[in-house]
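Line order of the protein sequences matches chains A and B.
Take the position in the first sequence, starting the count at 1, then add 2; the result is the number in our numbering.
Take the position in the second sequence, starting the count at 1, then add 596; the result is the number in our numbering.
Written below as structure tokens is the structure these notes are about.
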Amino acid sequence: MKKLSADVVVIGGGATGAGVLRDAALRGYATILLDKADLGQGTTGRYHGLLHSGGRYVVSDPHSATECAEENDIITRIQPHCVERTGGLFIVGPDDDPAYAEKFLPAAQATRVPAEEISVAEALRREPRLNPRMQRAFAVQDASVDGWQMVWGAARDAIAHGASVLTYHRVVDIVTDDRRVTAVKAIDEKTGEDVVIDCRFVLNTGGPWAGQIAHLAGCEGVEVVPGRGIMIAMNHRLVNTVVNRCIYPADGDILVPVHTVSIIGTTDVRAVDPDKLEIPRAEVQQMLDAGEVLVPGFRQARAVHAWAGARPLFNDPKAHASDTRHMTRGMSILRHDERDGVHGIISIIGGKLTTYRLMAERMVDAMCEQLGEDRPCVTATTQIDPATAPTYVVTHRLEEREHERSRRAHSHAELPATCDDDHADLDDQVICECELMTRGMITELMAEQPTANFDDLRRQLRLGMGPCQGGFCSMRATGIAVEEKMVDISRATALMRRFLANRWIGLWPIMYGDQVRQTALDNWIFQGMFDLEHLPSDEKEIV
Amino acid sequence: MAHEHDQLNRMTLDHCVKCTICETQCPVARVTPLFPGPKFVGPQAERFRDGESVDMSIDYCSSCGICTQACPQGVKIAEMNTQARAVMKEEHMPLRDRLISQTTLMGAMMNPVAPLANAALGNGLVRSLVQATFKVAKDAPMPPAQKQTLAQWLRKRKPSTTPVTRGSVVFFSGCAGGYFEVETSKKSIEVLEHLGYEVLVPKQGCCGLAQQSNGLFDGARRSVMALCDDLLSAGELTIVSSSGSCTGMLKHEAHTILGIDDERLAKVGTRIRDISELLVELYDAGEFDPSQFRETNVTVPYHQPCQVKSQGMGMPAKTLMQLIPGVVVEESGQPCCGIAGTYGLKAEKYAIAQEVGRPVFEMIRATNENLATCDTETCRWQIRKGSGVNTIHPIELVHHALGLGTIPGI
């Protein structure tokens, strides 16, 4: 058994948890983050990538609108690497209620969300594929954000300030003594080892799992409703600007260009278990129909992957229990000393990715208040990515590959213009061709995170997230992992099998059009060439 | 660049399944590491472009179009690449590329001073200066300037006496056929007249293909539309051409790459026939009797240019030549001779173009040291220079077999 100690243990490694870890570390607390899986594997990783301008909430939730506008600005400033300043449009579709659009600009002004009306012609000039029958268009400052980069950025900054991150550590008990939290017990899922962390405080950032975590400390009745939403990534950027329907928030009204794909979202249905989220066919069809309203011809474009995420919605008695869309999007901080008489634990529920930093600030403020300590929050003014760094743009990886090529071409001053033998001469071998990820990128991360599975690598490198969905890159990554002696053959087989099985979860719901042909080819490769299902492997279930 | 056809070509990237067939067929990628390959710069890189250009290496694409033909999924790889390159070159257009794409201008300037022009082109010092100044490779194949243009020949010659039995056609010579490969044009006209056509040759300009492949889309659009007007000026007739690549420009490239949706282009594009294509159509319809060919005992290598392959009409030149008793046609089996219009003229691409063409040159030398056939002008210059073998248009062999003239060495 491993024994550790800390001031604060944060449970849940999504955006909120990483934000809380960083916030507490920057205030000088010795802090450890635990997650039962990888960082950003839950709700944070299963959303559409929108860094809200606030425009979506100007009418329905004015308080959230203002928070989003302010946080959008802060995140773009402190984490430019994970934000692409795409800008956003709110378009009034041909059949949308013009009355809502009438309210939009005054509401934006009242909530301090920058917005301006542009002509339909100008909207079409910016985004030629948009529905030409739209009635009106408003420009806002929506951006897209890579949630995993954001989480890892915050986590790395926290680690640089003395914090620790223990992923794949499942919390099994929160130990209390005289109704005061004294320690957290966890199991290291990779090694099976028990870990006990003595601590003064637990911050529960479990999102949809927060109720289960609170229960471990004896705090009952924390009811978090998982609001399931599905999203579909389309193969390329049908738009380069975030496009929203200018209507009261509803299903399938956002299309976000994130990295190389564009993501349509989302639905909102009450789920029972955040670990078992389905992707119903009817909802897939609903998204495709919604896409047609924004971009005519949407159904002819190629879908590459679908997924479902669970919003953590606090069950507010004021809203109807089945209407998750209109449960509060605002954050709720539960002080368990007042609520349950258990000291040294606070839970946070609700909120949005865009406001993850603000949620962390409020939560750690609440802890400081309970501890009677005055340590001000500095996260809004402390840079994570270099202050001079430009924001991310989609051309980055292509430009990087190009620079590598020209650097190598110049270092071979005598390189003939033609050569027969080694064509790879100018390239660091591209392992994932869809996402232009190189051998160097994957071997470096494998060396840093030797127990990572391929999905862990994927979230940080985009391995297998393009159109071929692992068809070509997974076998290359597997070969490299073995060649570099990172894993033995048995684990390599299990890793590849698990990675492809996980890709398949997001493939079967969208088996139509071009992606069927890809899947057929991939299937021939894996069943026909590798007989993947029958390869010998000791590890049935790997983590 | 945001016209509808960009979007349509771009949408085809969705069909890519990463099979890599295009990469295995690309004649450039297999000889140089400087070109990342059609799949890389096409359906892959396009997902990262956002209407911007950050990958200069796309300029090593020769626009031969083999990738689009090879793709079993229907990805318009070459079209996408040509459009992306035009965006890239908007800010980096070398003066050289503006000059060498002015094919009509080159011909018109060189022709009146043919001996001087030929002396200059043959002079190593002059060519070295040109290479240093304009980055046109000093060893690149250049056409010999002719003393007489096609227009001058047409004005001076006696009108044909063959009775007109098949009506009128318009002949489209292409710039090279008007100024440099004048022999091919003359013989094409004579064959058509021999078959009973009245051949009308209206004044005509450039198709704009060289401008298009150099990314000068506006100029190319102006050129091709002016040409359409020229070719329609004689009436809405069948148009016949012995200029392989220019025919492809009118048939499909101006529409799919430049995005021109104009009734005049549609009229020209649907009426134009490659001359071999026309003759094979006549033969298939029983309207051309091959027994009129004289026996011609020759084994002749034939290289079908990339831009003729992309017209999707099979290999009519081979079919046609094989109708001649005694003729054995050996295909080069190669995708491209390397020149790809103006690509192989450029100093930085000359060595690549020669390497691409090497298997063609070797095959031709091994098959017949005296005679080869190929449908496109710039390819013939490249093959003549690279192989040292006299290379003619297939119609010239037909002209010989019809007894309208004699080709030395047969």
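C-beta atoms are modelled at their ideal positions from N, C-alpha and C, and glycine is treated no differently.
Since this is a predicted model, take the numbers as computed values, not measurements.
Residues of chain B with CB closer than 9 Å to the CB of Asp516(A), please, in chain order.
Position 514 of the first sequence, counting from 1, holds the residue named residue 516(A). Within chain B, the residues near Asp516(A) are Asp610, His611, Cys612, Val613 and Gln669.
My parser needs the beta strand (DSSP E) runs of 3 or more residues fully inside the stretch 899-928 of chain B; what are they?
923-927
Range covered by the beta strand (DSSP E) that runs through Leu712(B):
The residue you call residue 712(B) lines up with position 116 of the second sequence. Segment Ala710 to Gly718 is the alpha helix (DSSP H) holding Leu712(B); no beta strand (DSSP E) there.
State the CB to CB distance for the pair Gln529(A) and Arg505(A), rounded to an integer number of angstroms; the pair is presumed to be in contact (CB under 8 Å).
In the first sequence, the residue the question calls residue 529(A) occupies position 527. In the first sequence, the residue the question calls residue 505(A) occupies position 503. Their Cβ separation, rounded to whole angstroms, is 15 Å, which puts Gln529(A) and Arg505(A) out of contact at 8 Å.
Closer than 7 Å to chain B by CB, Cys379(A)
Position 377 of the first sequence holds residue 379(A). Closer than 7 Å: no.
When DSSP labels each residue in this structure, what does Met467(A) get in the three-state scheme?
As a first step, residue 467(A) must be located in the first sequence, where it is residue number 465. Three-state result, Met467(A): coil.
Own chain residues within Cβ distance below 8 Å of Glu294(A), not counting five before or after
As a position in the first sequence, residue 294(A) is number 292, starting the count at 1. These residues qualify, in order along the chain: Phe300 and Arg301.
Taking only beta-carbon positions, decide if Ile176(A) is within less than 7 Å of chain B.
Taking the first residue of the first sequence as position 1, residue 176(A) is located at position 174. No, Ile176(A) does not count as interfacial toward chain B.
Taking C-beta pairs closer than 7 Å, name the residues in chain E that Val650(B) reaches, listed in chain order.
This model lacks chain E altogether; the protein chains it does include are A and B.
Can you name the residues of chain B whose CB is closer than 8 Å to the CB of His65(A)?
Mapped onto the first sequence, residue 65(A) falls at position 63. Under the 8 Å cutoff, chain B gives no residues; its nearest Cβ is about 34 Å from His65(A).
Are the stretch 208-215 of chain A and the stretch 223-233 of chain A touching, with three or more C-beta to C-beta distances below 8 Å?
yes
Does the distance from the CB of His54(A) to the CB of Met233(A) come in under 7 Å?
For the purposes of this step, residue 54(A) is identified with residue 52 of the first sequence, where counting begins at 1. For the purposes of this step, residue 233(A) is identified with residue 231 of the first sequence, where counting begins at 1. No, they are not a contact pair.
Which residues in chain B sit within 8 Å of Asn237(A), going by Cβ to Cβ distance?
As a position in the first sequence, residue 237(A) is number 235, starting the count at 1. Ordered by position in chain B, the residues that pass the 8 Å Cβ test against Asn237(A) are Leu609, Asp610 and Arg643.
Closer than 7 Å by C-beta to Ala426(A): which residues in its own chain qualify, once you throw out the five before and the five after it? Chain order, please.
Within the first sequence, numbered from 1, the residue matching residue 426(A) stands at position 424. Because Ala426(A) sits at a pLDDT of 47, beneath the cut-off of 50, its placement in the model cannot be relied upon, and the point is left open.
Helix, strand or coil for Ala323(A)? Go by DSSP, reduced to three states.
Here residue 323(A) refers to the residue found at position 321 when the first sequence is read from its first residue. In this prediction, Ala323(A) has a pLDDT of 49, which is less than 50 and means its spatial position is unreliable; what the coordinates show is noted afterwards. Here Ala323(A) sits in coil by DSSP.
Bridge-paired residues (DSSP) for Val147(A):
The sequence position of residue 147(A) within the first sequence is 145, counting from 1. DSSP output for Val147(A) lists Val85(A) as bridge partner(s).
Sorted by chain position, which residues of the same chain lie with C-beta nearer than 7 Å to Gly585(B)'s C-beta, five sequence neighbours on each side aside?
The requested residue 585(B) does not occur in the structure, where chain B is confined to residues 597 to 1006.
Beta-carbon of Glu435(A) versus every beta-carbon of chain B: anything under 7 Å?
If you number the first sequence from 1, residue 435(A) lands on position 433. Chain B, which has a Cβ nearer than 7 Å to the Cβ of Glu435(A), makes this yes.
Could you tell me the boundaries of the alpha helix (DSSP H) in which Ser492(A) lies?
Here the question's residue 492(A) lines up with position 490 in the first sequence. Taken as a continuous stretch (DSSP letters only), the alpha helix (DSSP H) holding Ser492(A) covers Ile491 to Ile507.
Checking contacts by CB at 7 Å: is Cys663(B) closer than that to chain A?
As a position in the second sequence, residue 663(B) is number 67, starting the count at 1. Output row for Cys663(B): interface = no.
Can you find a C-beta in chain B that's less than 7 Å from the C-beta of Arg519(A)?
Translated into positions along the first sequence, residue 519(A) becomes position 517. Closer than 7 Å: yes.
Please classify Phe631(B): does DSSP put it in a helix, a strand, or coil?
Within the second sequence, the letter at position 35 stands for residue 631(B). It is coil, neither helix nor strand.
Under a three-way DSSP split, which group does Ser837(B) fall into?
By 1-based counting over the second sequence, the position of residue 837(B) is 241. In the structure shown, Ser837(B) sits in a strand (DSSP, three-state: E or B).
Bridge partner(s) assigned by DSSP for Val186(A)
On the first sequence, position 184 is the one that residue 186(A) refers to. BP columns for Val186(A) point to Ile176(A) and Ile199(A).
For the beta strand (DSSP E) containing Asn246(A), list its first residue and its last residue.
Within the first sequence, numbered from 1, the residue matching residue 246(A) stands at position 244. First-last of the beta strand (DSSP E) with Asn246(A): Val244 to Arg247.
Could you list which residues in chain B have their beta carbon closer than 8 Å to that of Pro282(A), in chain order?
Taking the first sequence and counting its residues from 1, one reaches residue 282(A) at position 280. Ordered by position in chain B, no residue passes the 8 Å Cβ test against Pro282(A), which lies about 24 Å from the chain.
Can a CB atom of chain A be found closer than 7 Å to the CB of Asp646(B)?
The residue you call residue 646(B) lines up with position 50 of the second sequence. Chain A contact via Cβ: present.
According to DSSP, simplified to helix, strand and coil, what is Leu993(B)?
Counting from one through the second sequence, the residue named residue 993(B) turns up at place 397. DSSP places Leu993(B) in helix when its eight states are reduced to three.
Apply the 10 Å Cβ neighbour rule to Lys752(B) and answer buried if 16 or more other Cβ atoms are within range, or exposed otherwise.
Stepping through the second sequence from its first residue, residue 752(B) is reached at position 156. Classification for Lys752(B): exposed.
Please compile the residues from chain A whose C-beta is within a distance smaller than 7 Å of the C-beta of Ser653(B).
Taking the first residue of the second sequence as position 1, residue 653(B) is located at position 57. Simply Glu404 and Arg407.
Can you confirm whether Gln930(B), when its beta carbon is compared against all beta carbons of chain A, has any partner nearer than 7 Å?
By 1-based counting over the second sequence, the position of residue 930(B) is 334. No, no contact with chain A.
Through-space distance from His345(A) to Thr184(A), alpha-carbon basis:
For the purposes of this step, residue 184(A) is identified with residue 182 of the first sequence, where counting begins at 1. For the purposes of this step, residue 345(A) is identified with residue 343 of the first sequence, where counting begins at 1. Computed Cα separation, rounded: 10 Å.
Using 8 Å as the threshold, is the stretch 197-211 of chain A in touch with the stretch 88-98 of chain A, meaning 3 or more CB pairs across them?
no
Please determine, among Leu916(B), Gln900(B) and Asn677(B), the residue with the shortest C-alpha to C-alpha distance to Ser887(B).
Here residue 887(B) refers to the residue found at position 291 when the second sequence is read from its first residue. The option with the nearest alpha carbon to Ser887(B) is Leu916(B).
Could you say if the stretch 600-618 of chain B and the stretch 687-699 of chain B meet the contact criterion of at least three C-beta pairs nearer than 8 Å?
no
How would you write the range of the beta strand (DSSP E) that Ser349(A) sits in, first residue to last?
In the first sequence, counting from the first residue as 1, residue 349(A) sits at position 347. First-last of the beta strand (DSSP E) with Ser349(A): Ile347 to Gly352.
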